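J.: The numbering used here puts the first residue of the sequence shown at 1, with every later residue one more than the last. Note that CB positions come from ideal geometry on N, CA and C, so glycine has one too. Since we're looking at a predicted model, the values are computed, not measured.
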Amino acid sequence: MKGNGKHHLTPEGLENLKRELNKLKNEDRKRVIESLKEARAQGDLSENADYDAARDEQARLEGRIKELEEIIKNSIIIDSSTAGLNSNLGKLITVEFQNGTKRTFELVGSLESNPLGDKISNESPLGSALLHAKQGEDVIVKTDTGAEFVVKVLEINDKESTRRTIYEICSKIRSRISPSYFRIKKI
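Structural data, given as C-alpha cells:
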C-alpha cells in the first residue's frame, strides 16, 4: 500500500480476499459463536479457559473481517493490459540474474506478494526496480542493506496474453491428437 491509502490488487487477488471475507463471515464467525455458547454453558466464566480462547478467537476474527473490508473498499485493481505503458504492475516479467539464473515473476501489490510463489511486490527492491523497466534493459536493484546487483529484463508479458498463448498451444496439440485418444474405454 502506498501513502494514499490505496491497495493495488490483481483481479485474482481481489477475488481471493472476497472469498476469504465470505468464509470468515459465513463459516468461521458461526463456528466461533458456537464455541462461545458451549463455553458459556460450562458455567463460571471467570476461570473458563475455553471461553477466554473463544473470545480471543472472536476478536482476531472480527479484526480480520474489518481489515479485509477496508482493503476491499480501498483497492485499486491492477489490470496488466491496461496498467499503462509505464507500469509493469500485474505483468509477468522474466529476468536473468548475474549468475545466469532465469526466473519469471508476477509484479503485484504488497498484499498479494508471495516470493515463493513468484509474486513479488512492487514495493520490494526487485519489484521497485522492475516497475518501469523495459524488455532488454539491464536494471540495478538496490537492496535495503545498500548492496546493488543487476538483472536483465528478458521478457514482459501481460497475464491475459500469456493465458491466450497457452490456450492456443494446447488447442493446437489437442487438434493433432486423434479423437480416439480421448475416448473412454468401457470395461
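#1: Please return the same chain residues whose Cβ sits closer than 6 angstroms to the Cβ of Thr104, not counting the five positions on each side in sequence.
#2: Return the CA-CA distance between Gly3 and Lys66, expressed in angstroms with no decimal places.
#3: In whole angstroms, what separates the C-alpha of Ala41 from that of Thr143?
#4: Specify the secondary structure class of Glu197 as computed by DSSP and reduced to three states.
#5: Output the distance between the C-alpha atoms of Glu123 and Leu9, rounded to the nearest integer angstrom.
#6: Am I right that Ile77 and Pro11 are in contact with their C-beta atoms under 8 angstroms? What's the rounded C-beta distance?
#7: If we ignore side chains and look at the alpha-carbon of each, how far apart do Arg64 and Arg176 end up?
#8: Val151: buried (16+ other C-beta within 10 angstroms of its C-beta) or exposed?
#9: Looking only at C-alpha atoms, which of Pro125, Leu111, Gly90 sits nearest to Ile159?
#10: Note the first and the last residue of the continuous beta strand (DSSP E) segment covering Lys142.
#11: Tell me Thr104's beta-bridge partners as DSSP assigns them.
T.: Here's the rundown:
#1: Position 104 of the sequence shown holds residue 104. Correct list, in chain order: Leu92, Thr94.
#2: The count along the sequence shown starts at 1 and reaches residue 3 at position 3. The count along the sequence shown starts at 1 and reaches residue 66 at position 66. Only weak support is given to the placement of Gly3: the predicted model assigns it a pLDDT of 49, under 50, and the value that follows is read from those uncertain coordinates. Using only the alpha carbons, I get a separation of about 20 angstroms.
#3: The sequence position of residue 41 within the sequence shown is 41, counting from 1. The sequence position of residue 143 within the sequence shown is 143, counting from 1. If I take the Cα positions, the gap works out to 55 angstroms.
#4: The structure shown does not extend to residue 197, since the chain is modelled only from 1 through 187, so no value can be given for it.
#5: For this step, residue 123 is matched to residue 123 along the sequence shown. For this step, residue 9 is matched to residue 9 along the sequence shown. Each residue's alpha carbon lies about 13 angstroms from the other.
#6: To locate residue 77, count along the sequence shown from 1; it is residue 77. To locate residue 11, count along the sequence shown from 1; it is residue 11. About 6 angstroms separates the two Cβ atoms, so the contact holds.
#7: If you number the sequence shown from 1, residue 64 lands on position 64. If you number the sequence shown from 1, residue 176 lands on position 176. Straight-line Cα distance between these residues: approximately 50 angstroms.
#8: Against the sequence shown, residue 151 aligns to sequence position 151. Burial call: buried.
#9: To locate residue 159, count along the sequence shown from 1; it is residue 159. Before going on, a small fix: residue 159 reads as Lys here, not Ile. The shortest Cα separation from Lys159 among Pro125, Leu111, Gly90 belongs to Gly90.
#10: On the sequence shown, position 142 is the one that residue 142 refers to. Segment 138-142, the beta strand (DSSP E) holding Lys142.
#11: For the purposes of this step, residue 104 is identified with residue 104 of the sequence shown, where counting begins at 1. Partner(s): Thr94.
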